[in-house]
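Q:
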Amino acid sequence: MAKMSEEVAVLVQWVVKDITSAFRRNPHIDEIGLIPCPEARYNRSPIVLVENKLGEESWCAKFLLPYIHNELLLYRTRKQWLNKDELIDITCTLLLLNPDFTMAWNVRKELILSGTLNSIKDLH
C-alpha cells in the first residue's frame, strides 16, 4: 500500500508541475477542461496544451483532487510544511479542478497579503 501512495505522490507532483509550466509557457490560457479518458494509455503527461486551451485527462483527476486536498488540509492544520511555491502551485491546481474550494482561496489571499503572490499577475 505504501508503494501505491508513493506512486500517487509522484504522479500528483508531476501533474501539478506540468500545469504550472503550462501557465508559464502560455499565460493567455482562456479555456480549461477535462478530456474524457478513462485510463492512462501512454506514458506521457495527462496535461494537454493546444493553443490557448488547457486540458487534463480525466483519469488523473481521481488521484489529483483527493491528494492535493489532503496536502492543503495537512498544511492548514500545521501538520505539514509546504514552501510558498508549492502552496501557489497546489492552490492553483485545486481551484482549476474545483473553483468553489474556499480554503484554497483563503490560502491564496494570505499569500497575496504577505506579498508572496502578486494579485495583478495572479488574476491575469
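Just so you know, we're using the working numbering here: the sequence shown kicks off at 431 and counts up by one. Just so you know, even glycine gets a beta-carbon here, dropped at the ideal spot from N, CA and C. No experiment lies behind these values; they were computed from the predicted model shown.
Based on Cα-Cα distance, which residue from Tyr497, Leu484, Ile518 lies nearest to glutamate 461?
A: Leu484
Q: Cutting at 6 Å between CB atoms, please list the residues of its own chain near threonine 546, excluding the five before and the five after it.
A: Hits under 6 Å: Lys514.
Q: Determine the DSSP secondary structure at isoleucine 520, reduced to helix, strand or coil.
A: Looking at isoleucine 520 - three-state DSSP - the assignment turns out to be helix.
Q: Find out if the Cβ-Cβ distance for the pair proline 468, valine 445 is shorter than 8 Å.
A: no
Q: What's the gap between the Cα of isoleucine 498 and the Cα of tyrosine 472?
A: 23 Å
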